[in-house]
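**Student:**
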Amino acid sequence: MLELKNICYTVNTQNGKKEILKDINLKIDGKFVAFTGPNGSGKSTLAKIIMGIVTPTSGQILFNGEDITNLTITERAKKGIAFAFQQPVKFKGITVYDLVNMACGKKLKVAEVCAYLSEVGLCAREYVNREINASLSGGELKRIEIAVTMARSASLTIFDEPEAGIDLWSFNSLISVFERIAQKTQGTLLIISHQEKILNIADRIIVIADGKVKNDGNKQEIMPNLLSFSTCNALKDKEA
Amino acid sequence: MLSDLQKNLLKEVAGLEAIPNSAVNIRIDGKTTVRNESSNVSITSKNDSDGIEIRVKANTKNERVDLPVILTKSGLTEILYNDFIIEENCDVTIVAGCGICNTGHQNSEHSGIHSFYIGKNSKVKYIEKHYGEGDGNGLNILNPTTKIEVDENGYFEMDTAQIKGVDSTNRVTTALLKDNATLIVHEKIMTHGSQVANTEFTVDLQGVNSTTHVVSRSIAKDTSKQSYVSTLNGNNKCNGRTECDAIIMNNGKVIAEPKLTANHIDASLVHEAAIGKIAGEQLIKLMSLGLTEKEAEEQIVNGFLK
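Residue numbers (the working numbering), protein chains in the order written: chain A, 1 to 240; chain B, 1001 to 1306.
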């Protein structure tokens, strides 16, 4: 279980200090938890703070009862946290096969790597030896990112906007990928998303807005308010 | 009989575990130690200079020629002139390389001047690997010069790698391409310590529809220095591309200097050069998979030079 205690994150800007996260307190367990909220609300920053990519200005992070606030990314990964990037990182020379092996921490048979790729709807034989570089499309990179992250079999897996940069056609198959992952996984999935269809398969939805937890509950409680909340915000944006 | 050290160097530069049955010439400490010819490949010593002539008969397909050079004596300096004549309609692989183990205090130096003539419609893959080791103060110096002429419809692919232990290298490659001829070059260099590597390519795209693609990937660590100069001269309707992709680490320095000259209205020439340290996001991604920063760096470097 993950526990965030009084997490604050402040950055220095030209116009003085800006608070990105304001005293976030959350306990995250269960199977499928979603973060949602407007762009710039601090969701991705919070996810990066959990993985150790961003260091909070103050606050404490507990994972399975242990204080991990000062642990490195590597140490957190070894404790069982996995992270799928919103924008998958490209490499030169590193193949899909190499990356899945690194994710598993051992040398897998080609067939085993292929099994992970098939899960995300990629014809495995065509991809296993491909380099993870710009020759792959945004959608392909995204699916590979999901497959690599799942290969870690972590107890907490974070997906930062898996739908970003995916076309509509791929999006539908992405939903079924997440439905399958949700059924199969033993650990907790924490997914940042704006998509109603993804939020629909979550057990719990946490709404983050303006650096704070605005709402927290199951989808029956959150979804109706969320829709009016987005409408309000859209109108507010228009007026501004 | 080869010593264990010689066997190890042979494995490093030519991937050879044993003496092959195909055409081979192994030169150890300045002397040809093993020479086998095949019915299609002749290897003869030159009379006028130190070196050999390798001639591949017309229509030879799927043959391999190995020409490793090994230096284990400190203070040995040699210049070799090797000529390769590949007649028409061939498809062959040539593996050359130089392994130096210098445990002494004097410099070891090998300069190989290789001239290739690729006949009409012939296809050649040339693999060249340079490797140095040794714990003495003597420097390992390798200065390869490669001159290439590719005749009509010919294809020459050159894979060259210098991954470790060579203290100083000046590598010069020149090529002349005739009608429909193709030259592909993949160069990989990793320097560390205070090593220096200079490479220079000059390709004359002389013939109609001649094509070249020269790609260099390099890593400069510690205080090592590298320079990459690539000159393409488009003298006809042709396609030329040169790429330099370099990673710098610690205080490594890299200079990339592409020079394109279009002397014909239908010459199409492109250059691309990118130099920088390892991207932070690449390290973060691999660390998020459980690798330490050092392991992540190794994986990125190994992938880059694969």
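Every residue gets a Cβ at the ideal spot worked out from N, C-alpha and C, and that includes glycine.
The ligand ZN heavy atoms versus the CB of A/Gly-165: any closer than 8 Å?
**Tutor:** With respect to the ligand ZN, the structure shown offers nothing to examine, as it has no ligands at all.
**Student:** Suppose contacts are defined by Cβ-Cβ distances below 9 Å. Is B/Tyr-1155 in contact with B/Val-1124 by that definition?
**Tutor:** Taking 9 Å as the Cβ cut-off, B/Tyr-1155 and B/Val-1124 qualify as a contacting pair.
**Student:** For B/Val-1301, which option in B/Ile-1189, B/Gly-1051, B/Ile-1070 has the closest C-alpha, if you only look at C-alpha atoms?
**Tutor:** Selected option, being the one with the closest Cα: B/Ile-1189.
**Student:** Please tell me whether B/Ile-1284 has its Cβ less than 9 Å away from any Cβ of chain A.
**Tutor:** For B/Ile-1284, the answer is yes, since a Cβ of chain A falls inside 9 Å of its Cβ.
**Student:** Measure from the C-beta of B/Ser-1218 to each C-beta in chain A and report whether the shortest distance is under 9 Å.
**Tutor:** Chain A, which has no Cβ nearer than 9 Å to the Cβ of B/Ser-1218, makes this no.
**Student:** Just how far apart, CA to CA, sit A/Ser-118 and A/Ala-124?
**Tutor:** Taking the straight line joining both Cα atoms gives about 6 Å.
**Student:** In terms of DSSP beta bridges, what is A/Gln-60 paired with?
**Tutor:** Its beta-bridge partners are A/Lys-5.
**Student:** Go ahead and pull the three-state DSSP assignment for A/Val-54.
**Tutor:** Looking at A/Val-54 - three-state DSSP - the assignment turns out to be coil, as it is neither helix nor strand.
**Student:** Keeping to the same chain, check which residues put their C-beta closer than 6 Å to that of A/Ser-170; ignore five residues upstream and five downstream.
**Tutor:** Answer for A/Ser-170: Gly-139, listed in chain order.
**Student:** Where does B/Lys-1147 sit, in a helix, a strand or coil, going by DSSP?
**Tutor:** It is a strand residue.
**Student:** Any beta carbon of chain B sitting closer than 9 Å to that of A/Gln-86?
**Tutor:** No - not a single Cβ of chain B is within 9 Å of the one on A/Gln-86.
**Student:** For a contact meaning CB atoms closer than 9 Å, what does B/Met-1190 contact in chain A?
**Tutor:** By Cβ distance, chain A contributes nothing, its closest Cβ being about 13 Å from B/Met-1190, past 9 Å.
**Student:** Using C-beta distances below 8 Å, list every residue in its chain close to A/Asn-218, excluding the 5 sequence neighbours before and after it, in chain order.
**Tutor:** Closer than 8 Å at Cβ, skipping near neighbours: Asp-203, Arg-204, Ile-205.
**Student:** In chain A, which residues lie less than 8 Å from B/Met-1287 when you measure between Cβ atoms?
**Tutor:** Neighbours of B/Met-1287 on chain A, chain order: Thr-72, Ile-73, Thr-74, Ala-77.
**Student:** Determine the chain B residues that contact A/Asp-98 at a beta-carbon separation under 7 Å, and present them in chain order.
**Tutor:** In chain order: Gly-1303.
**Student:** Could you have a look at A/Gly-139 and say whether DSSP puts it in helix, strand or coil?
**Tutor:** Of the three classes helix, strand and coil, the one that applies to A/Gly-139 here is helix, per DSSP.
**Student:** Threshold first: 3 residues or longer. Then list the beta strand (DSSP E) segments lying entirely within the region 145–208 of chain A, N to C.
**Tutor:** You should have 156–160, 188–192.
**Student:** Thinking just about the alpha-carbon of each residue, which of A/Asp-210, A/Ala-115, A/Lys-5 is nearest to the one in A/Asp-67?
**Tutor:** The shortest Cα separation from A/Asp-67 among A/Asp-210, A/Ala-115, A/Lys-5 belongs to A/Lys-5.
**Student:** Kindly say whether A/Arg-143, judged by its beta-carbon, lies nearer than 9 Å to any beta-carbon of chain B.
**Tutor:** By this cut-off, A/Arg-143 is not an interface position.
**Student:** Quick one: which chain A residues come within Cβ less than 8 Å of B/Gln-1299?
**Tutor:** Those within 8 Å of B/Gln-1299 in chain A are Ile-94, Asp-98, Met-102.
**Student:** Leaving out the 5 sequence neighbours to the left and right, which residues in its chain are closer than 8 Å to B/Thr-1032 when beta-carbon positions are compared?
**Tutor:** Asn-1025, Ile-1026, Ser-1045, Ile-1052, listed in sequence order.
**Student:** Leaving out five residues before and five after B/Asn-1239 in sequence, what residues of the same chain have Cβ atoms less than 7 Å from its Cβ?
**Tutor:** Result list for B/Asn-1239: Thr-1211, Ser-1268, in chain order.
**Student:** What did DSSP end up calling B/Asn-957 once you bin it into helix, strand or coil?
**Tutor:** This structure cannot speak to residue 957 of chain B, because chain B is shown only from 1001 to 1306.
**Student:** For the alpha helix (DSSP H) containing B/Gln-1299, list its first residue and its last residue.
**Tutor:** Start and end: 1293–1304.
**Student:** My understanding is that B/Ser-1108 touches B/Ile-1079, with C-beta atoms under 8 Å, so please give their C-beta distance in whole angstroms.
**Tutor:** Their Cβ separation, rounded to whole angstroms, is 13 Å, which puts B/Ser-1108 and B/Ile-1079 out of contact at 8 Å.
**Student:** Taking C-beta pairs closer than 7 Å, name the residues in chain B that A/Gly-40 reaches, listed in chain order.
**Tutor:** Neighbours of A/Gly-40 on chain B: none; closest Cβ ~20 Å, over 7 Å.
**Student:** Which residues of chain A have a Cβ atom closer than 7 Å to the Cβ of B/Gly-1290, listed in chain order?
**Tutor:** By Cβ distance, chain A contributes Thr-74, Ala-77, Lys-78, Gly-105.
**Student:** Cutting at 6 Å between CB atoms, please list the residues of its own chain near B/Ala-1014, excluding the five before and the five after it.
**Tutor:** Asp-1066, Pro-1068, Val-1095, Gly-1097.
**Student:** Specify, as a first and last residue, the run of the alpha helix (DSSP H) that B/Glu-1012 falls within.
**Tutor:** Looking at the DSSP string, the run of the alpha helix (DSSP H) that includes B/Glu-1012 is 1004–1014.
**Student:** Looking at B/Glu-1152 and B/Tyr-1117, is the spacing between their C-beta atoms short of 9 Å?
**Tutor:** Contact: no.
**Student:** Short check: CB of B/Ala-1246 to CB of B/Ala-1274, under 9 Å?
**Tutor:** Closer than 9 Å, so yes.
**Student:** Check whether the region 67–76 of chain A and the region 178–193 of chain A touch, using three or more Cβ-Cβ pairs below 8 Å as the test.
**Tutor:** The region 67–76 of chain A, when compared against the region 178–193 of chain A, does not touch it at the 8 Å Cβ threshold.
**Student:** Along the chain, which unbroken stretches of the alpha helix (DSSP H) at least 4 residues long are found entirely within the region 1203–1287 of chain B?
**Tutor:** Complete alpha helix (DSSP H) runs here, min 4: 1280–1287.
**Student:** Beta-carbon within less than 6 Å of B/Pro-1144's beta-carbon, same chain only, minus the 5 sequence neighbours each way: which residues are those?
**Tutor:** Here the set comprises Gly-1112, Arg-1171.
**Student:** Are the region 125–138 of chain A and the region 54–64 of chain A touching by the rule of at least three beta carbon pairs closer than 8 Å?
**Tutor:** No: fewer than three Cβ pairs fall under 8 Å.
**Student:** Would you identify the three-state DSSP class for A/Lys-92, choosing helix, strand or coil?
**Tutor:** Three-state DSSP puts A/Lys-92 in coil, outside helix and strand.
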